[in-house]
Every structure is written in C-alpha cells, then in structure tokens.
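Visitor: Sequence positions in the sequence shown follow mature numbering (1 follows the signal peptide of the UniProt record, and there is no 0) and run -26 to -1, 1 to 123. Just so you know, even glycine gets a beta-carbon here, dropped at the ideal spot from N, CA and C. Treat the numbers as computed from the prediction; the structure is a model and nothing was measured.
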Amino acid sequence: MVTLMLRALLTALILSSATLPFAVLAALPTPAGDGPALRIQGSNTINAQLGPALVEGLMRQQGLQAVQTVAGNVTNEQRVVGTSATGQLVSVEVAAHGSGTGFAALKAGNADIAASSRPIKDQEARELSSFGDRKALLASKSLLSMALP
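1. Does the structure place the stretch 74 to 82 close enough to the stretch 10 to 20 that three or more beta carbon pairs sit under 8 Å?
2. Measure the alpha-carbon distance for Leu102 versus Ile87 and round it to whole angstroms.
3. Secondary structure at Ser103, three-state DSSP: helix, strand or coil?
4. May I ask which residues mark the beginning and end of the alpha helix (DSSP H) holding Leu80?
5. Give the C-beta separation of Pro10 and Val66 to the nearest angstrom, bearing in mind that I take them to be a contact with Cβ-Cβ under 8 Å.
6. Residues in the same chain with beta-carbon distance under 7 Å from Ser104, minus the five sequence neighbours each way, listed in chain order, please.
7. Assuming Val68 and Met33 are in contact, meaning their beta carbons sit under 8 Å apart, how far apart are those beta carbons, in whole angstroms?
8. Helix, strand or coil: which one does DSSP assign to Leu38?
9. What are the boundary residues of the alpha helix (DSSP H) that Ile20 is part of?
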C-alpha cells in the first residue's frame, strides 16, 4: 500500500510540475492579499495526507517558519501555513474530494494544481485542452509506473 501511495504521489508531482510555469517550481508564489499562494484540489489518495506533507516540506525548504497543517472549514480540506522571513503568512489550500474534482477546479479557475491518482479521462482532457495536451503527459506516467518496483 505504501509503494502504491508513493507511486501516486510521485506521478502527481511529475504531472503537476509539467503543467506549472518554471517560476512556481523555483519558489512558492507570493500571495495576493490574504489569498493562498497555491490551491491544490483533487485526489483523496494524494491530498488527504501526502499532499499536505509535501507542501510542508516545500515550505520548510523555502525557509518558511512555524509551518503547520490546519483543518479547513470544509471536511477533507486543509490549509498548510507558514511564516516568511519578513513575517508574511503564506498558505496553501489542499482539498481532497476526488481526482475528478481537481480537473473540474482547474477548468473553473479554482485550482492551480489538480492532484489525480488516476489517468485523466478523455472528456476531462477535452475540457482542459486550452491548458495543453494532457494525453501526452500520460505517456510519462506509464513509463514512470514501469520504472518503479
């Protein structure tokens, strides 16, 4: 089970990073006002525990202090928060409502990253065609799955 969860997380990271601009990969973006720096929605498998842990690690790597995960206002939603060296509160919203909700949130502009523990469906890929060719990314997922023990 742990290997399956690690595969899912690694796959999500590779697929997510392929859709993000380079600047986001280099550092967490500066939030506008009180809004979150990132909004990650989707897979329960990834976002229930692994997603917040990954965000906590990224925040610590970026030098944020007092990093912690707190429950959100809705079931299966969390906020990972930390404080920058200048005292600014930085938060990342992580919602775990299923892979399909991540793709729907991307389409609606309510998420920056869709976490998915399954391949994107044809209909979802068509709906997100303005973001680029999602099907091409699935080849990377297949190769990754074969490479892992």
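Guide: The structure says:
1. With a cut-off of 8 Å, the stretch 74 to 82 and the stretch 10 to 20 count as touching, because enough Cβ pairs lie within range.
2. Answer to the nearest angstrom: the Cα atoms are 13 Å apart.
3. helix
4. Note, Leu80: alpha helix (DSSP H), 73 to 82.
5. 6 Å
6. none
7. With 8 Å as the limit, Val68 and Met33 do not qualify as a contact, their Cβ atoms being about 12 Å apart.
8. Per DSSP, reduced to three states, the secondary structure at Leu38 is coil, with no helix or strand assignment.
9. First-last of the alpha helix (DSSP H) with Ile20: 18 to 21.
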